[in-house]
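Note sheet for the following structure.
Residue numbers (this note's numbering): 80 to 464.
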């Protein structure tokens, strides 16, 4: 039977059994009636259902609070947000925050080296849309660049840029094109690789700092730089010619480094020898002058004796340096060969005993044993007088 139908007495759950025309229902009675119905539903009685409910709520609340504990490992940082707004950055260790959905934590690795590849991908190869670039002399080069970076600020890395790694890739590619466009192809492909990498690193870091990205560039390496395949052979020939030139220069420099010290040493030795010869000649001249002065003093006192002594000294000095040749003019052949000093140097010839040209100490001894020998010194002394 529905409420307030004919015969139903116009009763409803809110009337409390009151007769029509009574006052409004009591709120306490309504709450009490709901508790009784809930208690009957849970199988309890009296105030027991309320205690169970509060116990369940307390357990759930404690478990919810326990979910707020988190650990930040070494090398990481914890970024805490409350309803999406940054609150704090926590260091490594055990921490607690108000559980989700009030607060949340993002763990960021700030020490791990991250890698970025421009112009190529590992295992894939070249990426032409990134690698082909225009140089300052309007040539095309294929450049491959590797970038290593770390996160310097976890807060900036998460909140200042929506996609920091994508932004870093675009900034690096743009900076590389700018730097390559300032230099010639030969410079980029040969001796300028280190300089190009350094300029790219500085430019990229400045731009990322302007963005407040929280990224620190650690290393920029120009992995490879090659001309297009169409001119690869001609460029390799040019590189070989340049290497040969440098090799020749190095060889010439090495030869110069070897010869110049020797020449300097020889020049120093010649100068020292000349200086020694100079001192020797000066000393000899001084000695001769002193000797002449002494002889002059003796000559003034005894001219005849001094002159004779000088003559004999001169004969002794001259004859001591010459060979002695003895000629048998009585028993030998009177035909003499001049000059006599050539006889010793001539090839020995077998002569008969009566030929009288002999030389050497043994021959002189034999001649002295056979007959007396004319002494020519007296004649020379007589002619000297």
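A virtual CB, placed ideally from N, CA and C, is assigned to each residue, including glycine.
Here the structure is a predicted model, which is why all the values come from computation and not from measurement.
Residue(s) in a DSSP beta bridge with residue i
{"i": "residue 294", "result": "230"}
{"i": "residue 175", "result": "148"}
{"i": "residue 132", "result": "Bridge partners of residue 132: none, in fact."}
{"i": "residue 112", "result": "According to DSSP, residue 112 bridges with nothing at all."}
{"i": "residue 213", "result": "219"}
{"i": "residue 301", "result": "224"}
{"i": "residue 196", "result": "225"}
{"i": "residue 183", "result": "160"}
{"i": "residue 188", "result": "155"}
{"i": "residue 165", "result": "160"}
Proximity to residue i [Cα-Cα], best of the options
{"i": "residue 300", "options": "357, 345, 275 and 170", "result": "275"}
{"i": "residue 154", "options": "170, 166, 309 and 145", "result": "170"}
{"i": "residue 141", "options": "385, 264, 107 and 177", "result": "177"}
{"i": "residue 157", "options": "252, 342 and 182", "result": "182"}
{"i": "residue 217", "options": "348, 152, 224 and 307", "result": "307"}
{"i": "residue 269", "options": "395, 285, 317 and 297", "result": "317"}
{"i": "residue 258", "options": "248, 238, 281 and 242", "result": "281"}
{"i": "residue 167", "options": "143, 220, 138 and 232", "result": "232"}
{"i": "residue 151", "options": "137, 161, 163 and 189", "result": "189"}
{"i": "residue 194", "options": "392, 227 and 329", "result": "227"}
{"i": "residue 229", "options": "396, 298 and 219", "result": "298"}
{"i": "residue 160", "options": "138, 184 and 402", "result": "184"}
Alpha-carbon to alpha-carbon, residue j and residue i
{"i": "residue 210", "j": "residue 186", "result": "34 Å"}
{"i": "residue 332", "j": "residue 323", "result": "14 Å"}
{"i": "residue 295", "j": "residue 131", "result": "56 Å"}
{"i": "residue 146", "j": "residue 196", "result": "39 Å"}
{"i": "residue 398", "j": "residue 405", "result": "14 Å"}
{"i": "residue 192", "j": "residue 243", "result": "15 Å"}
{"i": "residue 287", "j": "residue 321", "result": "39 Å"}
{"i": "residue 252", "j": "residue 208", "result": "10 Å"}
{"i": "residue 165", "j": "residue 237", "result": "10 Å"}
{"i": "residue 136", "j": "residue 110", "result": "20 Å"}
{"i": "residue 199", "j": "residue 180", "result": "42 Å"}
{"i": "residue 379", "j": "residue 357", "result": "33 Å"}
{"i": "residue 212", "j": "residue 279", "result": "14 Å"}
{"i": "residue 373", "j": "residue 348", "result": "37 Å"}
{"i": "residue 330", "j": "residue 206", "result": "41 Å"}
{"i": "residue 368", "j": "residue 362", "result": "10 Å"}
{"i": "residue 392", "j": "residue 383", "result": "14 Å"}
{"i": "residue 248", "j": "residue 225", "result": "11 Å"}
{"i": "residue 220", "j": "residue 334", "result": "38 Å"}
{"i": "residue 354", "j": "residue 340", "result": "21 Å"}
{"i": "residue 309", "j": "residue 202", "result": "24 Å"}
{"i": "residue 315", "j": "residue 336", "result": "31 Å"}
{"i": "residue 394", "j": "residue 338", "result": "51 Å"}
{"i": "residue 271", "j": "residue 342", "result": "38 Å"}
{"i": "residue 389", "j": "residue 359", "result": "25 Å"}
{"i": "residue 346", "j": "residue 365", "result": "28 Å"}
Which of helix, strand or coil DSSP assigns to residue i
{"i": "residue 258", "result": "helix"}
{"i": "residue 485", "result": "Lying before the first or after the last residue shown, residue 485 is absent from the chain, which here runs from 80 to 464."}
{"i": "residue 312", "result": "helix"}
{"i": "residue 387", "result": "helix"}
{"i": "residue 158", "result": "strand"}
{"i": "residue 349", "result": "helix"}
{"i": "residue 436", "result": "Reliability fails at residue 436, whose pLDDT of 44 lies under 50, so the model's placement of it is uncertain and the value that follows must be treated cautiously. Strand at residue 436."}
{"i": "residue 355", "result": "helix"}
{"i": "residue 366", "result": "helix"}
{"i": "residue 204", "result": "strand"}
{"i": "residue 139", "result": "helix"}
{"i": "residue 325", "result": "helix"}
{"i": "residue 269", "result": "coil"}
{"i": "residue 287", "result": "helix"}
{"i": "residue 240", "result": "coil"}
{"i": "residue 264", "result": "helix"}
{"i": "residue 331", "result": "helix"}
{"i": "residue 170", "result": "coil"}
{"i": "residue 306", "result": "coil"}
{"i": "residue 457", "result": "A caution first: residue 457 carries a pLDDT of 40, below 50, which makes its placement in the model unreliable, though a value can still be read off. Helix at residue 457."}
Other residues of its chain near residue i: CB distance less than 7 Å, five sequence neighbours each side excluded
{"i": "residue 240", "result": "246, 290 and 292"}
{"i": "residue 172", "result": "151"}
{"i": "residue 235", "result": "291, 292 and 293"}
{"i": "residue 215", "result": "260, 261, 262 and 263"}
{"i": "residue 377", "result": "385"}
Residues near residue i in its chain [Cβ-Cβ closer than 6 Å; skip 5 each side]
{"i": "residue 148", "result": "175"}
{"i": "residue 400", "result": "none"}
{"i": "residue 303", "result": "223"}
{"i": "residue 143", "result": "178"}
{"i": "residue 71", "result": "As displayed, the chain neither begins before 80 nor continues past 464, which places residue 71 out of reach and without an answer."}
{"i": "residue 305", "result": "221"}
Cutoff 8 Å; reference residue i; Cβ partners in own chain excluding five residues on either side
{"i": "residue 326", "result": "none"}
Distance cut-off 7 Å: residue i Cβ against heavy atoms of the ligand MN
{"i": "residue 347", "result": "Although the ligand MN was asked about, the structure shown includes no ligands whatsoever."}
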